[in-house]
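Q: Below is one structure. I have some questions about it.
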Amino acid sequence: MSKPNIKNQELRDRAAKVMPLGVASNFRYWGPTANPVIVRGEGCYVWDADGNRYIDYRLGFGPVILGHGHPLVCERVAQAIRHGTSFAALTELEVRVAERITAMCPGVEMVRLANSGAEATMHALRVARAYTGREKIIKFEGQYHGMYDYMLWSTASSNPAALGSRRNPIKYQQSSGIPSAIRDLVLTLPFNDFELLETALKREGYQVAAIIVEPILGNSFSIGPKPGWLEFLRQKCDEYGIVLIFDEVKTGFRVAPGGAQQLFGVQADLACYAKAIANGFPLAAFGGKKEIMEVIGRGVSHGGTYCGNVVATAAADATLELLQDGQVLRAIEAQGRTLQAGIAEILSDSGIPHQIKGLGSMFGILLSDKEIWEFRDVRHHNAALYEAIAQELVARGVMPDPDAREPWFLSAAHDQEAITQTLDILAEAVQAVRTSGLIDTPAVVEDGK
Ligand SMILES: Cc1ncc(COP(=O)(O)O)c(C=O)c1O
Numbered sequence: 010m011s012k013p014n015i016k017n018q019e020l021r022d023r024a025a026k027v028m029p030l031g032v033a034s035n036f037r038y039w040g041p042t043a044n045p046v047i048v049r050g051e052g053c054y055v056w057d058a059d060g061n062r063y064i065d066y067r068l069g070f071g072p073v074i075l076g077h078g079h080p081l082v083c084e085r086v087a088q089a090i091r092h093g094t095s096f097a098a099l100t101e102l103e104v105r106v107a108e109r110i111t112a113m114c115p116g117v118e119m120v121r122l123a124n125s126g127a128e129a130t131m132h133a134l135r136v137a138r139a140y141t142g143r144e145k146i147i148k149f150e151g152q153y154h155g156m157y158d159y160m161l162w163s164t165a166s167s168n169p170a171a172l173g174s175r176r177n178p179i180k181y182q183q184s185s186g187i188p189s190a191i192r193d194l195v196l197t198l199p200f201n202d203f204e205l206l207e208t209a210l211k212r213e214g215y216q217v218a219a220i221i222v223e224p225i226l227g228n229s230f231s232i233g234p235k236p237g238w239l240e241f242l243r244q245k246c247d248e249y250g251i252v253l254i255f256d257e258v259k260t261g262f263r264v265a266p267g268g269a270q271q272l273f274g275v276q277a278d279l280a281c282y283a284k285a286i287a288n289g290f291p292l293a294a295f296g297g298k299k300e301i302m303e304v305i306g307r308g309v310s311h312g313g314t315y316c317g318n319v320v321a322t323a324a325a326d327a328t329l330e331l332l333q334d335g336q337v338l339r340a341i342e343a344q345g346r347t348l349q350a351g352i353a354e355i356l357s358d359s360g361i362p363h364q365i366k367g368l369g370s371m372f373g374i375l376l377s378d379k380e381i382w383e384f385r386d387v388r389h390h391n392a393a394l395y396e397a398i399a400q401e402l403v404a405r406g407v408m409p410d411p412d413a414r415e416p417w418f419l420s421a422a423h424d425q426e427a428i429t430q431t432l433d434i435l436a437e438a439v440q441a442v443r444t445s446g447l448i449d450t451p452a453v454v455e456d457g458k
């Protein structure tokens, strides 16, 4: 099925002349004639420049928890900005948002606002280093914490087959331009592997300032923690005096009002938030134990011109007000489970091996029947088949990210009509792919050489 694609292409062509890859972020690049162009959103729908409508499961990579253009959030922002947007001074809005975060998130006693997830995790790492007087950081393969030098190692954009031996992982550098000195400050380990973490800590645990972890791998199919894994991280951090940082940029204010800390009942020392905190306005936060956060201002730097700016802070104030009692998130979770059940049925009926990871509100579809607990395992996923199905979905007006590592996100605006329509379209998309023969072609599994 072909949709009008004239104005979209004009915009892509103009963009390609003035922006590398024709996009403002590498993750938005689908190809010179495929980059998504969106001119408007409302609820769970977005429209491209040619007027084609899509049911949106990307939600701006996760933030839009209440739906696009949510009336209360927009109204509060509009009211607030009439009186100015940036003062480089404390505002009541900031205080209210900080109070909401500390009330909602377990163990977050003090908080600072920032503008992006990358900023939040970067500052949390600095605070952890300052607090412990140590320099090394442990991160896990397939996790993404932001586009900056310290964390662009063995992220979800790595080739799982290039990560070397599990016992001696290769740190996969995701970008040129990263100073080589940084390599020695980061340890990369497989997620959910108790034994390898224990070994690494025995070797150099007392040099480690922080373990930073996405409690659910929100950039790798939403793979979850094994039973006891997060508790194990907590216990080991206590044993070695390491700061445990939960990167809740994707899980925060989405999987529960208090994020993954509440969902799993494990408290980090510091936690980082962004995305759903402000329904798509650029606000982030990091916070945690008072004793640790109080190093800020006592020889430790944190700041930024737009930290706590009125636009995003007003959006966060309204968003958190709506999320606080958990009702909205419970409804999203239930809708997501309905959608998952429908997806599983369609894939099963078509004989496509699959498993659905994560929660109702953010989940990944892995086309494989192998047991999958970490990023290295995802090489069993049939990426070619998934991409073909995703392309057919987009062509018919349902827009998940074509990269299966990125979750399907749901918002409060994904109602029963949208779910039913999505499933009807998925059935058509799978049928269209069946005729291509891809369903019967096994996944290409690349092993390390
Ligand atoms: C878990 C996680 N941490 C950090 C970030 C970085 O956030 P931002 O893109 O706002 O810098 C992302 C972005 O997707 C993320 O998924």
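Quick note on our numbering: the sequence shown kicks off at 10 and runs consecutively.
Positions of the beta carbon are idealized from the N, C-alpha and C atoms, including for glycine.
Remember, it's a predicted structure, so these values are computed and weren't measured experimentally.
(1) Which ranges does the alpha helix (DSSP H) cover as unbroken runs of at least 4 residues, wholly within the region 245-327, from first to last along the chain?
(2) Below 7 Å CB to CB, which residues in the same chain sit around Val48 once its five sequence neighbours on both sides are set aside?
(3) Could you check if Val27 belongs to the surroundings of ligand 1, using beta carbon to heavy atom distance under 7 Å?
(4) Specify the secondary structure class of Ala112 as computed by DSSP and reduced to three states.
(5) With respect to 7 Å, is the separation between the Cβ of Asp158 and the closest non-hydrogen atom of ligand 1 below this value?
(6) Per DSSP, which residues does Lys16 bridge with? Please list them.
(7) So Arg49 is in the beta strand (DSSP E); what residue range does that whole segment cover?
(8) Give me the Cβ distance between Tyr159 and Leu172, rounded to the nearest whole Å; I'm assuming they're in contact under 8 Å.
(9) Would you report the Cα separation of Val319 and Arg109, rounded to the nearest angstrom?
(10) Of the choices Leu332, Arg385, Leu356, whose alpha-carbon is the least far from that of Val106?
(11) Which residues in the same chain as Pro362 place their Cβ atom closer than 7 Å to its Cβ, once the five residues preceding and following it in sequence are excluded?
(12) Please report the distance separating the alpha-carbon of Gly151 from that of Asp256.
(13) Quick check on DSSP: helix, strand or coil for Pro169?
(14) Please write down, chain order preserved, every residue whose beta carbon lies under 6 Å from a heavy atom of ligand 1.
(15) Quick one: give me the first and last residue of the beta strand (DSSP E) that Val337 is part of.
(16) Let me check understanding here. Comparing Cα to Cα, which of Gly250, Ala97, Arg405, Pro409 lies closest to Ser11?
(17) From which residue to which residue does the alpha helix (DSSP H) around Met131 run?
(18) Would you be able to state if there are at least three C-beta pairs under 8 Å between the region 304-323 and the region 282-292?
(19) Ignore the nearest five residues each way along the sequence and tell me which others in Ala97's own chain have a CB closer than 8 Å to its CB.
(20) So what does DSSP say about Gly214, is it helix, strand or coil?
(21) What are the uninterrupted segments assigned as alpha helix (DSSP H) that are 4 or more residues long and contained completely in the region 45-101, given in chain order?
(22) Can you name the start and end residues of the beta strand (DSSP E) that Val195 belongs to?
(23) Please name the residue, chosen from Gly227, Asn177, Ser189, Asp193, that lies closest to Asn208 on a Cα-to-Cα basis.
(24) Would the beta-carbon of Ser370 fall within 8 Å of that of Glu415?
(25) In angstroms with no decimal places, state the Cα-to-Cα distance between Glu84 and Ile74.
(26) So what does Met119 bridge to, in DSSP terms?
(27) Closest to Ile352 by C-alpha separation, out of Leu432, Asn17, Ala43, would be which residue?
(28) Where does Gln182 sit, in a helix, a strand or coil, going by DSSP?
(29) Just the C-alpha distance for Ala422 and Asp412, rounded to the nearest angstrom, thanks.
(30) From Cys246 to Met302, what distance separates their C-alpha atoms?
(31) Name, in chain order, the residues that DSSP records as bridge partners for Ile147.
(32) Do Thr197 and Trp162 have their C-beta atoms within less than 8 Å of each other?
(33) Once DSSP output is grouped into helix, strand and coil, what is the label at Gly227?
(34) Check for me: the alpha helix (DSSP H) holding Leu402 runs from which residue to which?
A: Answer, in terms of the structure:
(1) 268-273, 299-302
(2) The sequence position of residue 48 within the sequence shown is 39, counting from 1. The answer, listed in chain order, is Trp56, Asp57, Ala58.
(3) Looking up residue 27 in the sequence shown gives position 18. No.
(4) Numbered from its first residue, the sequence shown carries residue 112 at position 103. Of the three classes helix, strand and coil, the one that applies to Ala112 here is helix, per DSSP.
(5) Numbered from 1 along the sequence shown, position 149 holds the residue referred to as residue 158. Not so, every heavy atom of ligand 1 lies at least 7 Å from the Cβ.
(6) As a position in the sequence shown, residue 16 is number 7, starting the count at 1. DSSP lists no partner for Lys16.
(7) On the sequence shown, residue 49 is found 40 positions in, with the first residue counted as 1. Element bounds for Arg49: 49-51.
(8) Your numbering for residue 159 matches position 150 in the sequence shown. Your numbering for residue 172 matches position 163 in the sequence shown. Incorrect: roughly 18 Å between the Cβ atoms, too far for contact.
(9) The count along the sequence shown starts at 1 and reaches residue 319 at position 310. The count along the sequence shown starts at 1 and reaches residue 109 at position 100. Using only the alpha carbons, I get a separation of about 16 Å.
(10) As a working mapping, residue 106 is identified with position 97 in the sequence shown. Out of Leu332, Arg385, Leu356, Leu332 has the C-alpha closest to the C-alpha of Val106.
(11) Locating residue 362 in the sequence shown gives position 353, counting from the first residue. Residues of the same chain with a CB within less than 7 Å of the CB of Pro362, apart from the 5 flanking positions on each side, are Leu376, Ser377, Asp378 in chain order.
(12) Taking the sequence shown and counting its residues from 1, one reaches residue 151 at position 142. Taking the sequence shown and counting its residues from 1, one reaches residue 256 at position 247. Each residue's alpha carbon lies about 13 Å from the other.
(13) Residue 169 sits at position 160 when you count from the first residue of the sequence shown. Helix.
(14) In chain order, the qualifying residues are Phe70, Ser125, Gly126, Ala127, Thr130, Tyr153, His154, Gly155, Glu223, Gly227, Asn228, Asp256, Val258, Lys259, Ala283.
(15) Locating residue 337 in the sequence shown gives position 328, counting from the first residue. Counting along the chain, Val337 falls outside any beta strand (DSSP E), though it belongs to the alpha helix (DSSP H) covering 336-358.
(16) For the purposes of this step, residue 11 is taken as the residue at position 2 of the sequence shown. Selected option, being the one with the closest Cα: Arg405.
(17) In the sequence shown, the residue the question calls residue 131 occupies position 122. Element bounds for Met131: 126-141.
(18) yes
(19) If you number the sequence shown from 1, residue 97 lands on position 88. These residues qualify, in order along the chain: Thr314.
(20) If you number the sequence shown from 1, residue 214 lands on position 205. Looking at Gly214 - three-state DSSP - the assignment turns out to be helix.
(21) 80-90
(22) Residue mapping note: residue 195 aligns to position 186 of the sequence shown, counting from 1. Residues 195-198.
(23) Within the sequence shown, numbered from 1, the residue matching residue 208 stands at position 199. The question names Asn, but residue 208 in the sequence shown is Thr. Nearest neighbour of Thr208 by Cα position, chosen from Gly227, Asn177, Ser189, Asp193, turns out to be Asn177.
(24) By 1-based counting over the sequence shown, the position of residue 370 is 361. By 1-based counting over the sequence shown, the position of residue 415 is 406. No.
(25) Residue 84 sits at position 75 when you count from the first residue of the sequence shown. Residue 74 sits at position 65 when you count from the first residue of the sequence shown. In a straight line, the C-alpha of Glu84 is about 17 Å away from that of Ile74.
(26) Numbered from its first residue, the sequence shown carries residue 119 at position 110. Met119 pairs with Gly297.
(27) Counting from one through the sequence shown, the residue named residue 352 turns up at place 343. It is Leu432 whose Cα lies nearest to the Cα of Ile352.
(28) Looking up residue 182 in the sequence shown gives position 173. Looking at Gln182 - three-state DSSP - the assignment turns out to be strand.
(29) For this step, residue 422 is matched to residue 413 along the sequence shown. For this step, residue 412 is matched to residue 403 along the sequence shown. When only Cα atoms are considered, Ala422 and Asp412 end up about 23 Å apart.
(30) Position 237 of the sequence shown, counted from the first residue, corresponds to residue 246. Position 293 of the sequence shown, counted from the first residue, corresponds to residue 302. If I take the Cα positions, the gap works out to 17 Å.
(31) Looking up residue 147 in the sequence shown gives position 138. DSSP output for Ile147 lists Leu196, Ile220 as bridge partner(s).
(32) Indexing the sequence shown from 1 puts residue 197 at position 188. Indexing the sequence shown from 1 puts residue 162 at position 153. Yes; because the gap between Cβ atoms is below 8 Å, this pair is in contact.
(33) Numbered from its first residue, the sequence shown carries residue 227 at position 218. Reduced to three states, the DSSP call for Gly227 is coil.
(34) Your numbering for residue 402 matches position 393 in the sequence shown. Judged by DSSP secondary structure, Leu402 falls within the alpha helix (DSSP H) whose first and last residues are 392-405.
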